[in-house]
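Trainee: Just so you know, the sequences run in chain order H and A.
Heads up, the first sequence is in our numbering, so the first residue is 1 and it goes up one at a time.
Heads up, the second sequence is in our numbering, so the first residue is 1001 and it goes up one at a time.
There are 2 protein chains.
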Amino acid sequence: MIQIALLGFGVVGSGTAEVLTENKALIEERLGCEYNIRYILDLRDFPNSPFGSLVTHDFNDILNDPEVTVVAEMMGGSHPAYDFTKKCLEAGKSVVTSNKEVVSTFGVELCELARKHGVRYLFEASVGGGIPVIRPMINDLSSNRIHKISGILNGTTNYILTSMRDLGASFSDALSEAQKLGYAEANPSADVDGIDAARKIVILAALACGKLADPKTIPTEGITAITLTDTKVAGAFGYSMKLIGHACVAEDGKLTAFVSPRMVPAANPLSRIDGVFNGILVDANMVGEVMFYGPGAGKLPTASAVVADIIDVIANREAESKPILWEAATADDMAEFSEYSCRRMFIVKNASVADSLPSAEVREVEGVYGILTESMSEKDTAEAAARMGDALLSVYRVL
Amino acid sequence: MIQIALLGFGVVGSGTAEVLTENKALIEERLGCEYNIRYILDLRDFPNSPFGSLVTHDFNDILNDPEVTVVAEMMGGSHPAYDFTKKCLEAGKSVVTSNKEVVSTFGVELCELARKHGVRYLFEASVGGGIPVIRPMINDLSSNRIHKISGILNGTTNYILTSMRDLGASFSDALSEAQKLGYAEANPSADVDGIDAARKIVILAALACGKLADPKTIPTEGITAITLTDTKVAGAFGYSMKLIGHACVAEDGKLTAFVSPRMVPAANPLSRIDGVFNGILVDANMVGEVMFYGPGAGKLPTASAVVADIIDVIANREAESKPILWEAATADDMAEFSEYSCRRMFIVKNASVADSLPSAEVREVEGVYGILTESMSEKDTAEAAARMGDALLSVYRVL
């Protein structure tokens, strides 16, 4: 009998208890062994929950119980989630998590700790909610060198951008609606400022190149400045505005990783990933482009991924699993962002200010002009934007 | 040093040799051990290939070499591919394959043989080419009961249907173009008659329910009867015509599996999977809908999946991997197809013949009428179609 402990009984934690219970017969049959949830750590009590009797307020109950071999951390935030994870790994317990903040900040140390103690640290649920993406990138694209990852990694912002495009809602109206529906939190900063997406893209980038960048230091733009006019200009070119986490690994191994709104052409499958769904497009040297699509958040979808990790830990408990080992990305590992090049969309009041741009196409939309350029570097884009002064309304990267 | 043998040096076989060579350093680093291609079995000689010296015409060279522990079968066709696979498994060699004909026909026996001899039989490349789908369904959706699978599983037919929709090409012109581009074979029957998709959907269905249906006995319709008018009617409703392999597992465990053209609403992510790409939408009880997308065929993409399986075999050679075990589906395991229900699109010369249908919406397109119905069973649909006589041009399932 495998004894499991859950850290945190919020949305994902309670979903995980539900998946482990609802599909127990099926999962035990697949595993060929039985399991049991022995503890649920939370500050609160849940007298009306069927799992209420499992609740403990003392982490040491879990840490000191040698029969607990698998711990699922779903507390959110860095502390005490990181501290508890570290103690569990050091005590020879495998840990699985949905906590992208901990993985993106402390992943190097925690993966190494897991290796050192012969246990696992798995985090399928930290990116893309229920979408299988991390294990497939490790196992199924193992024959490939991964060049590039572009992902719609945050359901809240994608819901807002979809409402702006399809319903003509303003950013603030779309945000209010998302909050009303429970898709956005009262303090939406982590989502709308791109912080959540930044955490996720550094995790995916680390799977591609083995170097974990600090999510706080990668260029990160959110969606708060996007106007309805901007989305209409995108539409006039057949593009959709999406918040994209982007990572690429150059021939010399240098990593570029950033988060920003981007205009996505209709031919790109990410352009039709709408609402709260996520999609992750991976470009690898042998397979070409593959995409993983599904619910990027939500109680049961995210719990589905947490439980897949629990099953992986249990199924492979006697095997020597290949550990994930990352290094912390240094400044030397990162490409010069000012040289990053892609097509741009300048949105201007006056088309003549754009005469010097390598422009490919100009369209007028409600009295403003969208100017689609050929590929330009960050540096050249910033210089051109500065020259335009007040005539410039905004400028976007095109995917 | 792991010794590998390749059976077949056609498109996928030569691609596999290329992936194993091109990404050798990377793969060996991931594996933590070295490998070597020792033999390539083919009837032909390849004096100008860098792999020419590895070619043997005698399967016994491989079978009798105890150092060869991994065999990749990429011969196509049932015989001798099945016979060689069986002998390899019996000799304690793991086999990986891209051969959907062998997996869908002999999968029950070959999976059991692998278990019995403590080796692996893996077939990621048999469905969806390079798209990670089989291993993710097994490993990442392991916490779920899979209800339903809908897939665009054949790139050739999807290319043809995309050309019909977007370029207004007739079926025969689109087929000729596909043949010219190498997307369709001189004898295109396996693709355009749905046979290839039938083999793939029974494999996916077996992953969901453990029962492998005989691909020759599931209802299978191809795309040869689809007219340009039909695709225009689909377009008038905002639908795309796609060849869909569909499987669902009912509450009572009974399996429905079939292949047919279907009209796919724009809101369904499969509607925008175009050209030679494949997409597989999986509906599972905890995660909801997830989709896997990518190149469904082609030399290097398919080889990428074959090599991922080779890596899996090598990486887990000392572990007790959970075997895939299927049973052959009996008539009792299958749901009554006449009761399968979905919305229908009747295309008729005269709208009045459809008066008795549970119709939801009627549109005229170039003098014919598309009549979209509420959900109807196969039986009721067939009876309604018979009553319409000559006034009926065609009737399609809606996804």
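Ideal placement from N, C-alpha and C gives every residue a C-beta, glycine not left out.
Please compile the residues from chain H whose C-beta is within a distance smaller than 9 Å of the C-beta of residue 1319(A).
Mentor: Chain H residues near residue 1319(A): 316, 318, 319, 320, 321.
Trainee: Which value, in whole angstroms, describes the spacing of the CA atoms of residue 1102(A) and residue 1261(A)?
Mentor: Roughly 25 Å separates the two Cα atoms.
Trainee: Give a yes or no on whether 8 Å exceeds the smallest Cβ distance from residue 103(H) to chain A.
Mentor: Chain A, which has no Cβ nearer than 8 Å to the Cβ of residue 103(H), makes this no.
Trainee: Out of 1251(A), 1192(A), 1252(A), which one is the CA nearest neighbour of residue 1244(A)?
Mentor: Considering only alpha carbons, the answer is 1192(A).
Trainee: Using the rule of at least 16 other Cβ atoms within 10 Å of the residue's Cβ for burial, across every protein chain shown, is residue 1033(A) buried or exposed?
Mentor: It is exposed - the Cβ of residue 1033(A) has fewer than 16 other Cβ atoms within 10 Å.
Trainee: Please confirm if residue 1297(A) has its CB atom under 8 Å from at least one CB of chain H.
Mentor: Output row for residue 1297(A): interface = no.
Trainee: Am I right that residue 343(H) and residue 377(H) are in contact with their C-beta atoms under 8 Å? What's the rounded C-beta distance?
Mentor: About 12 Å separates the two Cβ atoms, so there is no contact after all.
Trainee: Enumerate in chain order the residues of its own chain whose CB-to-CB distance from residue 1070(A) is below 6 Å, with the five nearest sequence positions on each side excluded.
Mentor: So the qualifying residues of the chain are 1004, 1094, 1310, 1313.
Trainee: Can you name, in chain order, every residue of its own chain whose Cβ lies under 7 Å from the Cβ of residue 1315(A), other than the five neighbours on each side?
Mentor: Counting only Cβ-Cβ distances below 7 Å, and skipping sequence neighbours, we find 1031.
Trainee: Based on the DSSP secondary-structure assignment, which residues constitute the bridge partners of residue 1220(A)?
Mentor: The partner list for residue 1220(A) (beta bridge, DSSP) reads 1259(A).
Trainee: Going by DSSP, what residues sit across from residue 55(H) in a beta bridge?
Mentor: Answer is 40(H).
Trainee: Could you tell me the alpha carbon to alpha carbon distance between residue 139(H) and residue 1348(A), rounded to whole angstroms?
Mentor: If I take the Cα positions, the gap works out to 50 Å.
Trainee: I want to see whether chain A comes within less than 8 Å of residue 145(H), judged by CB atoms only; does it?
Mentor: It does; some Cβ of chain A falls within 8 Å.
Trainee: Using a Cβ-Cβ cut-off of 6 Å (strictly less than) and excluding sequence neighbours within five positions of residue 13(H), which residues of its own chain qualify?
Mentor: 6, 74.
Trainee: How many angstroms separate the CA atom of residue 131(H) from the CA atom of residue 1175(A)?
Mentor: The straight-line gap from Cα to Cα measures roughly 35 Å.
Trainee: Which residues, in order along the stretch 279 to 304 of chain H, keep a beta-carbon less than 8 Å from a beta-carbon of chain A?
Mentor: For the stretch 279 to 304 of chain H, which is checked against every Cβ of chain A, the residues closer than 8 Å are 284, 285, 286, 287, 288, 289, 290, 291, 292, 293, 294, 295, 298, 300, 301, 303, 304.
Trainee: In angstroms with no decimal places, state the Cα-to-Cα distance between residue 392(H) and residue 242(H).
Mentor: Cα to Cα, the separation comes out at about 21 Å.
Trainee: Counting only C-beta atoms, is residue 1219(A) closer than 8 Å to chain H at any point?
Mentor: Residue 1219(A) does not count as touching chain H.
Trainee: Going along the chain, which residues of the stretch 1127 to 1160 of chain A sit with their C-beta nearer than 8 Å to a C-beta in chain H?
Mentor: The stretch 1127 to 1160 of chain A vs chain H, Cβ under 8 Å: 1130, 1131, 1132, 1135, 1136, 1139, 1140, 1141, 1142, 1143, 1144, 1145.
Trainee: The alpha helix (DSSP H) that contains residue 6(H), what's its start and end?
Mentor: Run containing residue 6(H): none in the alpha helix (DSSP H); it sits in the beta strand (DSSP E), 2 to 7.
Trainee: Quick check on residue 295(H): does DSSP put it in helix, strand or coil?
Mentor: DSSP places residue 295(H) in strand when its eight states are reduced to three.
Trainee: Sorted by chain position, which residues of the same chain lie with C-beta nearer than 8 Å to residue 284(H)'s C-beta, five sequence neighbours on each side aside?
Mentor: Excluding positions up to five away in sequence, the list reads 141, 144, 145, 146, 147, 290.
Trainee: Am I right that residue 197(H) and residue 218(H) are in contact with their C-beta atoms under 8 Å? What's the rounded C-beta distance?
Mentor: 10 Å between Cβ atoms; not a contact.
Trainee: Throw me the rounded Cβ distance for the residue 1202(A) and residue 1104(A) pair, which I believe falls under 8 Å.
Mentor: Between residue 1104(A) and residue 1202(A) the Cβ distance is about 5 Å, and since that is below 8 Å, they are a contact.
Trainee: Here's the rule I'm using: 16 or more other beta-carbon atoms within 10 Å means buried, otherwise exposed. How should residue 124(H) be labelled?
Mentor: It is buried - the Cβ of residue 124(H) has at least 16 other Cβ atoms within 10 Å.
Trainee: What does a CB cutoff of less than 7 Å around residue 16(H) pick up in its chain, not counting 5 residues either side in sequence?
Mentor: 6, 72, 74, 303, 306, 307, listed in sequence order.
Trainee: Taking the C-alpha atoms as reference points, what is the distance between residue 385(H) and residue 239(H)?
Mentor: If I take the Cα positions, the gap works out to 21 Å.
Trainee: CA-CA distance, residue 1066(A) and residue 1038(A)?
Mentor: Cα-Cα distance, rounded: 12 Å.
Trainee: Given that residue 1124(A) touches chain H, what residues does it touch there, using C-beta distances under 9 Å?
Mentor: Result: 140.
Trainee: Taking all protein chains shown into account, do 16 or more other C-beta atoms lie within 10 angstroms of the C-beta of residue 1(H), making it buried, or fewer, making it exposed?
Mentor: That one is exposed.
Trainee: Between the alpha carbons of residue 1274(A) and residue 1160(A), how many angstroms are there, rounded?
Mentor: Distance between the alpha carbons of residue 1274(A) and residue 1160(A): 10 Å.
Trainee: Taking only three categories from DSSP, how would you classify residue 98(H)?
Mentor: Looking at residue 98(H) - three-state DSSP - the assignment turns out to be coil, as it is neither helix nor strand.
Trainee: According to a CB-to-CB cut-off of less than 7 Å, which residues of the stretch 1004 to 1031 of chain A neighbour chain H?
Mentor: Going along the stretch 1004 to 1031 of chain A in chain order, one finds 1019, 1023, 1026, 1027, 1030 with a Cβ nearer than 7 Å to chain H.
Trainee: The beta strand (DSSP E) spanning residue 244(H) covers which residue range?
Mentor: First-last of the beta strand (DSSP E) with residue 244(H): 239 to 249.
Trainee: Would residue 247(H) pass as an interface residue toward chain A - the criterion being a Cβ-Cβ separation below 8 Å?
Mentor: By this cut-off, residue 247(H) is not an interface position.
Trainee: Out of curiosity, what's the CA-to-CA distance linking residue 47(H) and residue 92(H)?
Mentor: Residue 47(H) and residue 92(H): Cα-Cα distance of roughly 31 Å.
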